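Beneath this line is the structure, given in structure tokens, with notes to follow.
There are 4 protein chains.
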Amino acid sequence: MDLGMVGLGRMGANMAERLVRGGHRVTGYDPGAAAREQAAARGIAPAASLQELVAALPAPRAVWLMVPAGAPVDATLEALLPLLSPGDTVIDGGNSNYKDTQRRAARLAEHGLHSVDSGTSGGIWGLKEGYSLMIGGEDAAVERLRPIFETLAPAPERGWGRVGPSGAGHYTKMVHNGIEYGLMQAYAEGFAILGRKAEFGLDLEQIAQIWRHGSVVRSWLLDLSAEALAKNPRLDGIAPYVEDSGEGRWTVAEAIDLDVSAPVITASLMERLRSREKDSFADKLLAAMRNEFGGHAVRKQGD
Amino acid sequence: MDLGMVGLGRMGANMAERLVRGGHRVTGYDPGAAAREQAAARGIAPAASLQELVAALPAPRAVWLMVPAGAPVDATLEALLPLLSPGDTVIDGGNSNYKDTQRRAARLAEHGLHSVDSGTSGGIWGLKEGYSLMIGGEDAAVERLRPIFETLAPAPERGWGRVGPSGAGHYTKMVHNGIEYGLMQAYAEGFAILGRKAEFGLDLEQIAQIWRHGSVVRSWLLDLSAEALAKNPRLDGIAPYVEDSGEGRWTVAEAIDLDVSAPVITASLMERLRSREKDSFADKLLAAMRNEFGGHAVRKQGD
Amino acid sequence: MDLGMVGLGRMGANMAERLVRGGHRVTGYDPGAAAREQAAARGIAPAASLQELVAALPAPRAVWLMVPAGAPVDATLEALLPLLSPGDTVIDGGNSNYKDTQRRAARLAEHGLHSVDSGTSGGIWGLKEGYSLMIGGEDAAVERLRPIFETLAPAPERGWGRVGPSGAGHYTKMVHNGIEYGLMQAYAEGFAILGRKAEFGLDLEQIAQIWRHGSVVRSWLLDLSAEALAKNPRLDGIAPYVEDSGEGRWTVAEAIDLDVSAPVITASLMERLRSREKDSFADKLLAAMRNEFGGHAVRKQGD
Amino acid sequence: MDLGMVGLGRMGANMAERLVRGGHRVTGYDPGAAAREQAAARGIAPAASLQELVAALPAPRAVWLMVPAGAPVDATLEALLPLLSPGDTVIDGGNSNYKDTQRRAARLAEHGLHSVDSGTSGGIWGLKEGYSLMIGGEDAAVERLRPIFETLAPAPERGWGRVGPSGAGHYTKMVHNGIEYGLMQAYAEGFAILGRKAEFGLDLEQIAQIWRHGSVVRSWLLDLSAEALAKNPRLDGIAPYVEDSGEGRWTVAEAIDLDVSAPVITASLMERLRSREKDSFADKLLAAMRNEFGGHAVRKQGD
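Residue numbers (this note's numbering), protein chains in the order written: chain A, 2 to 304; chain B, 2 to 304; chain C, 2 to 304; chain D, 2 to 304.
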């Protein structure tokens, strides 16, 4: 079927290419000319503007947004609103906060537009392996997009599904990412312990490879850890600095709002914050307190 | 090749059967007559005593222990010691503490015996899917057992390996289980958050199934979660009570000994302890303190 | 000086009484007739309505709100707005969220009214020992209230201060309570460990008493713990159920917003949530997973 | 009464001086000549050797050890054993592990010697304010030392007590320190949040001073924090590096041994370990994983 893809960054371009390979006609728009050119080379029909993109699509239209969460989604929606017609559908495939998604769905509904939110997992591997899609929205709107989801997913009947009304897709993706933080941190701690045990001289990549087959901890994140360790066994040159992109924070906030204890997901987020604190005031105060009560020497900055 | 298997419980009998299916001759001993009979029905030659087991094996012998960690391993080793001959090998395939393993290896070496420790993961699925084996011991001793490991593992060249000297196998398995605690807790928290979000009416099994394909959090533990949720979507009748079997505790102790911060593995252990505290003194004291300073009402036991 | 006190619950009535004892004239309003009567018996001039209260105060007026955080504060402010005159000051002495305080201050300013927020600590002991007051607002507005603060505080020059602009008082109180959660949890865990060590038969109250003098952990919360343990050494009959009143949640949200790692304050909040989960889904799923991979028996509900 | 003090470091010399000021006769030994000279200047009779120290004491003797925990205590005890006589008492006032204390008490009992363990809190302030003493040992042995404890404590009847048999004193001190870690971390996190809130420009020392009077979080550690912040408001030049001296680790191990969940004490320990990890392997692996699955840029070491 026909689809407009707005945003031709790494994720958007890959998804569009997977759809083209699957026999769909995809028109793509990105504000960057280079992104449009690269997309064209991958079989995506480039549009020079949102107007062109909308004009290229038969009604009822389906427009997929793959733009950064937050203000860019709102800006794109505001620009699209006057261009679209009742009955068209807008899909937000990014990592929007589910409350924003609910708010936007209400606004789009006022204009007779359908909203679908697709929490999308799979990263840069999705082009080849397919994406896991957690979808929110009205049944009929989701159903109309079935051909798209069946192509994006790893297999037509697997790895995608409508999980609930508008917002439910992004909600599920948010929790997915919260879990992801916990899983990653568990592996990271385990490998750190193994690596510190000098007496055994353990080979972390070998252990990751052993675990990939038959062990209780086998997973895709372990596969990736094995690859990372194969390329760079001691992770030389990589700074111990870990970004977070929002969903972990929202998951913690949501757990607290719901009165659900989530100590491990929360601790995983705290560790990421901690990784970026190079001069922790808390630690300095701890050192100062120890000096006050016990006369314990304080290490000087730079020691 | 020939192998003696001591301990024909769930794990021991399954491993022996996988070896028999793979063409090995396995003689099995268990103190329970019923266990021996069932083993015989699965193609394992039963021995009525350790003497019989040792007598049935050609020298140099290989005897695999699959008995509960701790005192049972020591008792079995003491009973075996007078029966074995220099050049024989004893494999401990259970979840022994690596320090015990190192101590036992030294004692066996005094008698000219070889020691191999095999951290074994795979649970009740290992019979069919193969076991992940993390092996410690001298190179030559491990190499002599290659046919055994190649059959137990998911494939001859995958899922097993010698990771270091005596103790290194159990050490690696210990950390494996520490990671496992963290992974499990991350999923458990995530599904708890999803399940508590009444407004979306999410179907947890459906979400687990979606995630199994293409998502960043796909893993074997997720596959198992999906199965558990398929059987019992709300986990009715299951008590919120979580055992632990030692390796998590040891992992935490080891992290601390090595000065490695491991907040998520540690928090996962704490949660298991917490699940078994039905009348937490700490919580009672918190409630009592709030009453003392703020006059906040204390809930009575049974309310 | 003259002060109007709106809200004659435990905190409001105590604070008003402390002011009366200190020589101030306090007019008090509460929607409950019983509360008004009790206040009258304590030297507080009762007002039957907000109109009466405002009418009883000389301009420029000072009206202190001691009502539950959230909607009640907004409702009270809306009712007061038409009654007050430019130059009057409203003090919010409750546990309002600092963002609400900032919003309200802007609204009051539109009407020429001054706002002061007083984070108030001390609980039911404040009547006798004085309150610790963290104050936000314009300098001049705070300064005009100096006689009030000097009487409410433990001593005229101690235990109170203007910490910043509107909202800063409630912000500081919010963090104060976050710290309080952490302190309480640390003591609770420590006493739980002591109490579980059967071999020593430790007397927890005695230990609390010893620590109160000369130890590094001496504190007011320890004093209160000693009192609680003196009354009820094993805390019999107290349910292990711990409420929270919002500031802990806000502190965690604020830490995350500011990218400050706060693992202990966060864990303390999680423990309170956990104390109220009597049938944790997370724990049930952990038990179910263990059953799936290892065949470990699941405890039945009610066992 | 007469007391021998072995170890004239900061703690030992201060305790000896407090005893001398209280009218006791203290003979002190330290391997360092300078320490002995300084002690002499403070009214402590110096002994040039353990032999001299023992010879200077009337039987039954009381010898207080204030030497570093671990091997130094064992070495000192072995050196003292042949010099002492049945009926003499040895007090270990340091931070020994309670299991070592139990082992040593059994060994001393074989020689007819009494053992007393005194968990000692108060740090460098104890000389002036008195020490909090948690005492283990037989009743009669503790009772004989009553004059010593009454002088060391903040007041004769307060701040000290026999809490149980040998080891119970050090056990109680161990948990005391575990709590201390949690309290310190709670304050440290709270002040870090306050300090990061740029919009309010909060003065941390002022806030600490306000809280010291009337607030729920008032404590001695807060008093010390206020002093540290008064001297150095932004803690300039202090490295964010926090040592630990063992009792926190033991408290965590003990909690786990007793199946008591202690998430906050544990997290506090983890934070100290974390403060000393300047190139965390776990964080590097997290960054590498994010790069593998999402193509997220990795920060280079030194960026």
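Just so you know, even glycine gets a beta-carbon here, dropped at the ideal spot from N, CA and C.
Note that the structure is a prediction, hence the values are computed from the model and not measured.
Pairing Met2 of chain D with Met67 of chain D gives a Cβ-Cβ distance that is not under 8 Å. The continuous beta strand (DSSP E) containing Asp118 of chain C extends over residues 115-122. Assignment of Pro73 of chain B by DSSP, reduced to helix, strand and coil, places it in the helix class. Nearest CB-CB separation between Trp126 of chain C and chain B: below the 8 Å threshold. For Trp221 of chain D, the enclosing alpha helix (DSSP H) starts and ends at 221-232. Taking 8 Å as the cut-off, the beta carbon of His115 of chain D is found closer than this to the beta carbon of Thr90 of chain D. A straight line joining the alpha-carbon of Val176 of chain B with that of Asp140 of chain B spans about 22 Å. Contact between Ala60 of chain B and Ala46 of chain B does not hold, since the beta-carbon distance rounds to 17 Å and is not under 8 Å. Comparing alpha carbon positions, the residue from C:Lys285, C:Asp245, C:Ile257 closest to Ala298 of chain B is C:Asp245.
Contact note: Ile257 of chain B reaches chain D through Arg250, Val253, Ala254, Leu270, Leu274, using a C-beta cutoff of 8 Å and chain order.
At a cut-off of 8 Å between C-beta atoms, Ala298 of chain C does not count as an interface residue with respect to chain A. Under the three-state reduction of DSSP output, Asp93 of chain B falls in the strand class. The closest CA to that of His214 of chain C, considering only D:Glu158, D:Ala256, D:Leu223, D:Tyr188, is found on D:Glu158.
Identification of chain A residues near Ser133 of chain B by a Cβ-Cβ cut-off of 9 Å yields Ile211, Trp212, Arg213, His214, Gly215, Ser216, Val217, Val218, Arg219, ordered along the chain.
Within chain C, the residues whose beta carbon sits less than 7 Å from that of Asp260 of chain A are Leu274, Arg277, listed in sequence order.
Contact note: Ser86 of chain A does not reach chain B at a C-beta cutoff of 8 Å; the least C-beta distance is about 29 Å.
Ranked by Cα distance from Ile194 of chain D, the options A:Asp31, A:Gly295, A:Glu278, A:Leu205 are led by A:Glu278.
Residues of chain C with a Cβ closer than 8 Å to the Cβ of Pro241 of chain A do not exist, since the nearest Cβ in that chain sits about 14 Å away. For Met135 of chain C, the enclosing beta strand (DSSP E) has its first and last residue at 133-138. Against chain D, the beta carbon of Gln186 of chain A has neighbours under 8 Å at Ala283, Leu287, listed in chain order. Interface annotation for the segment 38-63 of chain C against chain B: empty, criterion Cβ-Cβ distance under 8 Å. Under a 10 Å Cβ-count criterion, Ser119 of chain B is classified as buried, with 16 or more other Cβ atoms of the shown protein chains found around its own Cβ. In its chain, beyond the 5 residues on either side, Leu184 have a beta carbon closer than 8 Å to the beta carbon of Ser220 of chain A. Scanning A:Tyr188, A:Asp284, A:Ala80 for the CA closest to the CA of Pro264 of chain B turns up A:Tyr188.
Collapsing the DSSP output to three states places Ala263 of chain D in coil. Residues are counted here when their Cβ sits less than 8 Å from a Cβ of chain D; for the segment 3-36 of chain A these are Arg11, given in chain order. When the alpha-carbon of Ser226 of chain D is set against those of A:Lys129, A:Ala169, A:Leu4, A:Gly295, the nearest one is in A:Gly295. The beta carbon of Thr152 of chain A sits closer than 6 Å to the beta carbons of Leu20, Gly23 from its chain, once the five residues preceding and following it are set aside; these are given in chain order. In the DSSP annotation of this structure, Arg277 of chain D is not part of any alpha helix (DSSP H), being labelled neither H nor E. The C-beta separation of Ala17 of chain A from Ala40 of chain A comes to about 7 Å, placing the pair in contact by the 8 Å criterion.
The straight-line gap separating the alpha-carbon atoms of Ala231 of chain B and Ser122 of chain B is approximately 24 Å. Taking 8 Å as the cut-off, the Cβ atoms of Ser269 of chain B and Gly249 of chain B count as close.
Spanning the alpha carbons of Val261 of chain B and Glu53 of chain B requires a straight line of approximately 47 Å. Between Phe201 of chain C and Pro166 of chain D, the C-beta gap is smaller than 8 Å, which places the two residues in contact. Residue environment for Ala42 of chain C: exposed (fewer than 16 other C-beta atoms within 10 angstroms of its C-beta). Annotation note: the segment 3-39 of chain A contains the following uninterrupted beta strand (DSSP E) runs of length 3 or greater, listed N- to C-terminal: 3-7, 26-30.
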